[in-house]
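A short worksheet on the structure shown next.
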């Protein structure tokens, strides 16, 4: 497909191609900018600030501990299972500098989900928030984890404030269930010991594996997308090529409410702001919308990333419309479709644009983004990123004409190496360097792309991927259900919600019983919000469930 977007629509100053080898690794990128901007504030969380220089020192200390005390070597897998706290960037960059592969873990995972990810990745060590340590305890013996570091929410805050917050969460709010992990060590103890150790540099190159970023599949358990240092460096350069005419060195503050364990915030916020010497304002609990609004009102933030539900939630929280939005330059929406009413209200309230983009875990994640000079929401996912090619393919493998729908295939330096230990799954989506996304899109005469449908049956709940087969597999274990099928339905709060169609085996079973059963083994956003009992599921001649007929229903 001809790259008509380059000449017709690329805004001034955005390069057609980027240098994916500008840095040898993310460790190289980190060292360069923490030295260059050592006095700039890198991260803020709950009032505590961490400069680039302080971050660099603490990263070296933690990396030394990983090397010398835990004995981890290049290529070992290190999991991080915490929300947005100052501990996250410290552990993240320490692991990367030590040559480890980071395995990001959603803290909300159930025991089954956690066990799969730790076992599948071969994780040797984990940093986990103590609130979820009891979940790890329940599966520890079924994994390869040898070392556990626990941390409390207040561990990197001022001594008195941190101790008070940890005490309230544990003893007053009872949010830290009892756990027994005899060999676990505390994060603050680690940092005390680590300050006396010396980090030994490790050669890390672009082809080395930086992340195992887990994503679901239409069949079977979640898979680890292998993202190399080069993949990540390329995506940082692609993202920043699109915004460098907007951001100013040392003058930017990004609101980071999306979790850093998710590849969207990991790249767009944490990594991309470093070359600008910018600040990440970490929001630990964005679900507390009132607290969220009070926190961001204290700071002159210039950018914010989010999903449609987050923007919608902010817009309907008292006090948000009273914030001084004068410094705000851009809002970036991704993870799920940004709805027109939300985008238009955002523009009205904040006086700034809400630009939509498109990405996948397998692409580190950016594939396309609305240009920085776009004046208002237009319902598209924008233009392909620099050094990115897109083809739209019909069912016969032929490219479609302009305006016609086809499956989106992506090619570029950000495309993953493959799925960890899953050659067959890799072969299904990687074809001669092209990634078959499973999403159906159109391209207009100016090179703007629009997602019109999903070839996959994936459901997106508040930006998180939910795959029907995983839910159906769990429901199949319920004695009162004969068979089931689920799909996504529109939801005003989360964009989409899971709806389960089920055929009863026990006529007395109820909708609530099905939900309660699912809640035992599935993360909250995967639990069906709607359950409808039907006499039979529509099927093809070979017995395949026809979800499209359920959608039509």
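Numbering (the numbering used here), first residue to last: 7 to 559.
The beta-carbon is built from N, C-alpha and C at its ideal position, and this holds for glycine as well.
Here the structure is a predicted model, which is why all the values come from computation and not from measurement.
Coil, strand or helix - residue i by DSSP
i           : result
residue 558 : helix
residue 219 : strand
residue 144 : helix
residue 482 : coil
residue 360 : strand
residue 224 : Low confidence applies to residue 224: its pLDDT is 39, below 50, so where it sits in the model is not reliable, and the reading given next is rough at best. DSSP places residue 224 in coil when its eight states are reduced to three.
residue 401 : coil
residue 501 : strand
residue 173 : helix
residue 300 : helix
residue 551 : strand
residue 432 : helix
residue 374 : strand
residue 40  : helix
residue 182 : coil
residue 151 : coil
residue 24  : coil
residue 496 : strand
residue 238 : helix
residue 355 : helix
residue 192 : strand
Those residues which DSSP pairs with residue i across a bridge
i           : result
residue 440 : 437
residue 231 : 219, 425
residue 57  : 47
residue 311 : 338
residue 507 : 491, 538
residue 135 : 157
residue 7   : Bridge partners of residue 7: none, in fact.
residue 87  : 134
residue 471 : 466
residue 415 : 397, 442
residue 460 : 445
residue 251 : Answer is none; residue 251 lacks a bridge partner.
residue 388 : 455
residue 108 : 84, 217
Length of the line joining the Cα atoms of residue i and residue j
i           : j           : result
residue 238 : residue 265 : 17 Å
residue 335 : residue 252 : 8 Å
residue 307 : residue 314 : 19 Å
residue 526 : residue 116 : 8 Å
residue 150 : residue 188 : 16 Å
residue 279 : residue 512 : 55 Å
residue 509 : residue 55  : 55 Å
residue 379 : residue 311 : 17 Å
residue 112 : residue 123 : 10 Å
residue 389 : residue 127 : 34 Å
residue 384 : residue 71  : 50 Å
residue 489 : residue 534 : 15 Å
residue 394 : residue 283 : 26 Å
residue 447 : residue 529 : 30 Å
residue 342 : residue 504 : 15 Å
residue 148 : residue 299 : 41 Å
residue 66  : residue 74  : 12 Å
residue 466 : residue 199 : 43 Å
residue 159 : residue 209 : 33 Å
Given residue i as reference, the closest of the options once Cα atoms are compared
i           : options            : result
residue 241 : 432, 369, 132      : 369
residue 34  : 152, 281, 157      : 281
residue 450 : 367, 386, 89       : 386
residue 42  : 256, 94, 532, 158  : 256
residue 461 : 443, 454, 474      : 443
residue 28  : 469, 235, 287, 400 : 235
residue 399 : 366, 426, 414, 215 : 414
residue 163 : 412, 290, 473      : 290
residue 262 : 52, 541, 44        : 52
residue 485 : 376, 524, 453      : 524
residue 316 : 402, 168, 498      : 498
residue 392 : 381, 551, 375      : 375
residue 92  : 467, 161, 332, 125 : 161
residue 37  : 244, 102, 81, 248  : 102
residue 554 : 491, 80, 520, 519  : 491
Buried or exposed by the 16-neighbour rule on C-beta atoms within 10 Å, applied to residue i
i           : result
residue 22  : exposed
residue 178 : exposed
residue 134 : buried
residue 588 : The question about residue 588 has no answer, for the chain in this structure spans 7 to 559.
residue 153 : buried
residue 195 : exposed
residue 558 : exposed
residue 268 : buried
residue 552 : exposed
residue 166 : exposed
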